[in-house]
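*Asks:*
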Amino acid sequence: MLSHFHAAKKALSRGTLSCHKADQLTKDTEANLQNAIHLQQHITHLREALHAQIHTLSLLAHTFRGEARAGQTLFDGTLRELDGLDGQLNTALAMLKRARLPRVLVQPSAQQLESVSSGSSLETGNSAITRSKTLFDFADDQGIEQLKGGLRQAVDDLQESQEQLASLYATFDGHVRALDKTLALLPTDPILLLPQISQSHRQGDALSLSATAETCRAQQAEHLVSLAELLLSLSQHYDHTQTLSTSSAALPQDARAELREVVEEDAVQLEDVLAEMDERVVDLEEDLTFVTNHVAALQQVTQQLEEAFSVFEALDIDTPVHTLDDIRATRTTREMTLDMRREQLLGLAEQFTQFSRSYDALLLEIDRRAQHDAAVDALMEQTQRQLEQLQQQEMAERAAFLSMHGASLPEDIWHGIRDSPAGWVMQREQDAQTTPVLSQSVLQAARSRHAQWSQSR
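Under the working numbering, think of the first position of the sequence shown as 756, with each following residue one higher.
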């Protein structure tokens, strides 16, 4: 019986150590579970913050893209409009260059005649002065080139603003895409699968960490209760062996025999009890190992998320936004300048077009005046002939009168009795300008163009 006593004492000591170890393992596991839950919450917060950041950056990139596309659409439309206006101006200028002035309209002024070299003949001087001219000679070609140069500069400036905006969008969008890729490459949250979790849970949807923690706590509580019960059985076995070893003489014969039988039976199960306690301790150790490894995995994910978050925070957002505001302000000013140049170009094209129309109207007006002058000249010639006929008739009447009565009338009765009838002369004013006569080809071309202008209204 003494051997049973020593074995029971040794088993009780070993069981007590197992219970102490199990208690510490449970405390360590609980601490790690709490840490894991805290880390999981922190990871969730970081992921939500990262998704919110990437959403904000994506919206900002979308704003940049919309601004760049709208600006490009406006710029392309402006270029098409300017091309049309430039073509309209070039068409008007081409018409001016083709419209040659009739030589009868280009007469040298007195100042031009005086500027002719005294050594050259008047004919040579007139030839130099009245060289073939076109309507384009009356256009300010230097002003036209300055306007076109200013317009090209305004277009270049606006294109520069558009390129800056496109570059801003491309750069910022590249950063956002890189961050989005970084976010996509981040590891998923690790799942805590304890070895004691039932097979049904493993085959189904993974439990949340909080649910797994509750299951783990319940299983560990079960282990502690079982260990306590096993330790109690070891303690009872030790008490029984101690009673038989020290106080068996005080027990009745039947009680002593019964107690001995119990001790013998418990002694046989002693190793099984210790083995079960060891197994439960091993289970608790495995739980602690799994939970500890899970905490390490969560810490690694947390570190990666925090590093990614620091990259997001390091991205400079204020500078692109301020740059966008500066580009908008500069582009608005440049658009105003371009609009002003465009209006000038449109006005110049309309001016030259109207100049061509007015020139054709001038040719027709010159022809009308020439026809008027011709009609007046014809009327004057006819009137002059009638006046001369009337004068001849009057002279004949006066001669007949004098022949019949002149000898009978004294000359001093009326001094005008022998006067000739008054003569009348019809002539143009000396300083009146002569209207030039245009050729029919020039007039026909002017009438044709004038008819086209009238139909296009």
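Yeah, the Cβ is synthetic: ideal placement off N, Cα and C, and Gly gets one too.
Treat the numbers as computed from the prediction; the structure is a model and nothing was measured.
(1) Take SER1194 and list the residues in its own chain whose beta-carbon comes closer than 8 Å to its own, dropping the five residues that flank it on each side.
(2) DSSP three-state label for THR943, please.
(3) Could you spell out the range, first to last residue, of the alpha helix (DSSP H) harbouring GLN843?
(4) For LEU1117, would you say it is in contact with chain B, using Cβ-to-Cβ distances shorter than 7 Å as the test?
(5) As a quick exercise: from ILE809, THR1138, ARG1112, THR1087, pick the residue whose alpha carbon is nearest that of GLY929.
(6) Would you list the residues sitting across from THR889 in a DSSP beta bridge?
(7) Kindly list the residues whose CB is nearer than 7 Å to the CB of THR771, restricted to its own chain and excluding five residues on each side of it in sequence; keep chain order.
(8) Please classify VAL1023: is it buried, with 16 or more other beta-carbons within 10 angstroms of its beta-carbon, or exposed?
(9) Can you give me the C-alpha to C-alpha distance between ALA925 and ARG820, rounded to a whole angstrom?
(10) CB-CB under 6 Å to TRP1179, same chain, minus the five flanking residues each way: which ones, in chain order?
(11) Does the contact criterion of 3 or more C-beta pairs under 8 Å hold for the region 930-943 versus the region 1102-1121?
(12) Looking at the secondary structure, which residues open and close the alpha helix (DSSP H) in which ILE1121 lies?
(13) Keeping to the same chain, check which residues put their C-beta closer than 8 Å to that of ILE1082; ignore five residues upstream and five downstream.
(14) Could you spell out the range, first to last residue, of the alpha helix (DSSP H) harbouring VAL1028?
(15) Measure the alpha-carbon distance for ARG1123 versus ALA1129 and round it to whole angstroms.
(16) Can you list, in chain order, the residues of its chain whose CB lies under 6 Å from that of THR996, leaving out five sequence neighbours each side?
(17) Mind checking which residues open and close the alpha helix (DSSP H) that includes LEU977?
(18) Taking the C-alpha atoms as reference points, what is the distance between GLY826 and ALA909?
(19) Out of ALA983, HIS1127, PHE927, LEU794, which one is the CA nearest neighbour of LEU947?
(20) Do you know offhand how far GLU738's Cα is from PRO1075's?
(21) Out of GLY842, SER981, GLN1054, ASP1071, which one is the CA nearest neighbour of VAL1028?
(22) Indicate whether MET1150 and MET1181 have their beta-carbon atoms separated by less than 7 Å.
(23) Look at the alpha carbon of GLN975 and the alpha carbon of THR781, and state the distance between them as a whole number of angstroms.
(24) Taking DSSP as the reference, what is the three-state secondary structure of GLU915?
(25) Leaving out five residues before and five after GLY1161 in sequence, what residues of the same chain have Cβ atoms less than 6 Å from its Cβ?
(26) Given LEU1198, which residues of its chain have a CB within under 6 Å of its CB, disregarding the five upstream and five downstream residues?
(27) Which value, in whole angstroms, describes the spacing of the CA atoms of THR970 and SER963?
(28) Measuring straight from C-alpha to C-alpha, what distance separates GLN897 and ALA854?
(29) What is the DSSP secondary structure of SER1175, reduced to helix, strand or coil?
(30) So, at 7 Å on beta carbons, what are the nonlocal neighbours of LEU949 in its own chain, with the 5 sequence-adjacent residues on each side left out?
(31) Taking DSSP as the reference, what is the three-state secondary structure of ALA1201?
(32) Any chance the CB of ILE1082 is under 6 Å from a heavy atom of the ligand NAD?
(33) Residues in its own chain within less than 6 Å of GLN843 by CB, not counting five upstream and five downstream?
(34) Rounded to the nearest angstrom, what separates GLU1016 and ALA1052 at their Cα positions?
(35) Starting from the C-beta of GLN914, find all residues in its chain whose C-beta is less than 6 Å away, skip the five residues before and the five after it, and write them out in chain order.
*Replies:* In short, the structure shows the following:
(1) Translated into positions along the sequence shown, residue 1194 becomes position 439. The answer, listed in chain order, is PRO857.
(2) In the sequence shown, the residue the question calls residue 943 occupies position 188. In the structure shown, THR943 sits in coil (DSSP, three-state: anything other than H, G, I, E or B).
(3) Locating residue 843 in the sequence shown gives position 88, where the first residue counts as 1. From DSSP, the alpha helix (DSSP H) with GLN843 extends over 757-853.
(4) Absent here is chain B; the protein component of the structure consists of one chain.
(5) On the sequence shown, position 174 is the one that residue 929 refers to. Out of ILE809, THR1138, ARG1112, THR1087, ILE809 has the C-alpha closest to the C-alpha of GLY929.
(6) As a first step, residue 889 is located in the sequence shown; it is residue number 134 there, counting from the start. In the DSSP output, where bridge partners are listed per residue, THR889 has ARG855.
(7) Your numbering for residue 771 matches position 16 in the sequence shown. Only LEU986 meet the Cβ criterion.
(8) As a first step, residue 1023 must be located in the sequence shown, where it is residue number 268. Classification for VAL1023: exposed.
(9) What you label residue 925 is simply residue 170 of the sequence shown in a count that begins at 1. What you label residue 820 is simply residue 65 of the sequence shown in a count that begins at 1. Going by the C-alpha atoms only, they are around 8 Å apart.
(10) Reading the sequence shown from its first residue, position 424 is the one you call residue 1179. These residues qualify, in order along the chain: LEU1142.
(11) no
(12) Position 366 of the sequence shown, counted from the start, is the residue given in the question as residue 1121. Residues 1073-1160.
(13) As a first step, residue 1082 must be located in the sequence shown, where it is residue number 327. Within the same chain, ILE1082 has close Cβ partners SER916, GLN919, LEU920, LEU923.
(14) Taking the first residue of the sequence shown as position 1, residue 1028 is located at position 273. Element bounds for VAL1028: 1008-1069.
(15) For the purposes of this step, residue 1123 is taken as the residue at position 368 of the sequence shown. For the purposes of this step, residue 1129 is taken as the residue at position 374 of the sequence shown. Between ARG1123 and ALA1129, the C-alpha separation is close to 10 Å.
(16) Position 241 of the sequence shown, counted from the start, is the residue given in the question as residue 996. These residues qualify, in order along the chain: HIS759, PHE760, ALA763, VAL1018.
(17) Taking the sequence shown and counting its residues from 1, one reaches residue 977 at position 222. According to the sequence shown, residue 977 is Glu rather than Leu. That run of the alpha helix (DSSP H) goes 964-1001.
(18) As a position in the sequence shown, residue 826 is number 71, starting the count at 1. As a position in the sequence shown, residue 909 is number 154, starting the count at 1. The straight-line gap from Cα to Cα measures roughly 15 Å.
(19) Along the sequence shown, one-based indexing puts residue 947 at 192. Nearest option by C-alpha distance: LEU794.
(20) In this structure the chain extends from 756 to 1212, so residue 738 is not present and cannot be described.
(21) By 1-based counting over the sequence shown, the position of residue 1028 is 273. Measuring from the Cα of VAL1028, the nearest candidate turns out to be SER981.
(22) Position 395 of the sequence shown, counting from 1, holds the residue named residue 1150. Position 426 of the sequence shown, counting from 1, holds the residue named residue 1181. It is not a contact, given that the beta carbons lie outside the stated cut-off.
(23) Here residue 975 refers to the residue found at position 220 of the sequence shown. Here residue 781 refers to the residue found at position 26 of the sequence shown. Each residue's alpha carbon lies about 7 Å from the other.
(24) The residue you call residue 915 lines up with position 160 of the sequence shown. Looking at GLU915 - three-state DSSP - the assignment turns out to be helix.
(25) Here residue 1161 refers to the residue found at position 406 of the sequence shown. Closer than 6 Å at the Cβ level, and outside the excluded window around GLY1161, lies no residue.
(26) Walking along the sequence shown from the start, residue 1198 turns up at place 443. Contacts found: ASP1122.
(27) Residue numbering aside, residue 970 sits at position 215 when the sequence shown is read from its first letter. Residue numbering aside, residue 963 sits at position 208 when the sequence shown is read from its first letter. Going by the C-alpha atoms only, they are around 11 Å apart.
(28) Residue numbering aside, residue 897 sits at position 142 when the sequence shown is read from its first letter. Residue numbering aside, residue 854 sits at position 99 when the sequence shown is read from its first letter. Going by the C-alpha atoms only, they are around 20 Å apart.
(29) Taking the sequence shown and counting its residues from 1, the one referred to as residue 1175 is at position 420. SER1175 falls in the coil class under three-state DSSP.
(30) Residue mapping note: residue 949 aligns to position 194 of the sequence shown, counting from 1. Closer than 7 Å at Cβ, skipping near neighbours: THR967, CYS971, ASP1042, PHE1045.
(31) If you number the sequence shown from 1, residue 1201 lands on position 446. Helix at ALA1201.
(32) The model depicted lacks the ligand NAD and carries no ligand whatsoever.
(33) Here residue 843 corresponds to residue number 88 of the sequence shown, with the count starting at 1. Same-chain partners within the cutoff: ALA1104.
(34) Reading the sequence shown from its first residue, position 261 is the one you call residue 1016. Reading the sequence shown from its first residue, position 297 is the one you call residue 1052. Their backbone Cα atoms lie some 54 Å apart in a straight line.
(35) Stepping through the sequence shown from its first residue, residue 914 is reached at position 159. Around GLN914: no qualifying Cβ.
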